[in-house]
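Heads up: the sequence shown runs through residues 352 to 557, numbered per our numbering.
Ideal Cβ placement from N, Cα and C applies to all residues, glycine included.
Everything numeric in this text was worked out from a predicted model, so none of it was measured.
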Amino acid sequence: MNNTSLTDNTGFTDRYPWIFEKSSISSDKDAIINMTEIATPLGPMLAGATSKGVCLLEFTNRIRLEKEFTDLQNLLNAVMVAGRNSYLDQLENELTEYFEGKRKTFFVPLHTPGNDFSQAVWKTLQEIPYGKTCSYKEQAEMMNNPKAIRAIASTNGRNRLAIIVPCHRVIGSDGNMTGYAAGIDKKKWLLKFERNNSEIEEGYLF
Numbered sequence: 352m353n354n355t356s357l358t359d360n361t362g363f364t365d366r367y368p369w370i371f372e373k374s375s376i377s378s379d380k381d382a383i384i385n386m387t388e389i390a391t392p393l394g395p396m397l398a399g400a401t402s403k404g405v406c407l408l409e410f411t412n413r414i415r416l417e418k419e420f421t422d423l424q425n426l427l428n429a430v431m432v433a434g435r436n437s438y439l440d441q442l443e444n445e446l447t448e449y450f451e452g453k454r455k456t457f458f459v460p461l462h463t464p465g466n467d468f469s470q471a472v473w474k475t476l477q478e479i480p481y482g483k484t485c486s487y488k489e490q491a492e493m494m495n496n497p498k499a500i501r502a503i504a505s506t507n508g509r510n511r512l513a514i515i516v517p518c519h520r521v522i523g524s525d526g527n528m529t530g531y532a533a534g535i536d537k538k539k540w541l542l543k544f545e546r547n548n549s550e551i552e553e554g555y556l557f
């Protein structure tokens, strides 16, 4: 397994110029998002945190990644700058432990802008136990909103915190893998990894 604690910010801005080329610190911005890169066994991840908590953790191959970054900056009226803060240090430590099979729950504070429905959807994702999966239908039932399956699926897709808010644990009602913005191969890897490191028997949430 690769060393997940290895972070190399050398040339970070050169590798991802599109993150910073439109960013400029000015008095009309409400927040600063510190950005860094974290190495994992599944490839590099981009992580961001404000003064309130971690607001971003994504694999670099995530589809529509640039749009997600732009949307996040607009939601927070924020500028992205290369650098770290204490939340990113805590995130990297916890992510390292996760990939070592030593951590099943994350405690790093999160900053997740979104409406009440989005917050409820993402909270439900965090309630799916490590080593388990559930369907979109079951997730809707957890929210006592069985008719909102499509809206829930769409909101899952807007999750900006891969692994921490574990949308990879949601699968089709027939047990098949469904879309994962960073690739089905990563979703399969994460689910297999969690099953192999879980004391919970493999199966569904319900």
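Query, Result
"Spatially closest choice to I383 from N527, A502, F371 and R511, by CA coordinates", "F371"
"C-beta contact flag for L542 and L408 at 7 Å", "no"
"C518 versus G362 - alpha carbon distance", "31 Å"
"Segment contact flag, the region 519 to 531 with the region 492 to 501, C-beta cutoff 8 Å, min 3 pairs", "no"
"V430 and K380 closer than 7 Å at C-beta", "yes"
"Between the CA atoms of K474 and K418 - distance to the nearest angstrom", "23 Å"
"Straight-line Cα distance separating N428 from I535", "32 Å"
"8 Å CB neighbourhood of E478 in its chain, flanking five on each side removed", "M493"
"Residues near W369 in its chain [Cβ-Cβ closer than 7 Å; skip 5 each side]", "E417"
"Residues near N353 by beta carbon distance below 8 Å, same chain, minus five either side", "Model confidence at N353 stands at a pLDDT of 36, short of 50, so the residue's coordinates are unreliable; what they give is reported in the following sentence. Contacts found: A390, T391 and P392."
"Nearest-angstrom Cβ-Cβ length linking M528 and K539, presumed shorter than 8 Å", "6 Å"
"F468, DSSP secondary structure in three states", "helix"
"Span separating the alpha-carbon of M386 from that of N412", "16 Å"
"Nearest candidate by alpha-carbon position, reference R509, set D422, A398 and V459", "D422"
"DSSP state of N510 mapped onto helix, strand, coil", "coil"
"Backbone CA spacing between A400 and K488 [nearest angstrom]", "32 Å"
"Sub-7 Å separation of P460 and G404 beta-carbons", "yes"
"Close-in-space but distant-in-sequence residues of the same chain around R366 (CB under 6 Å, 5 per side omitted)", "none"
"Rounded C-alpha distance that separates N507 from Y449", "21 Å"
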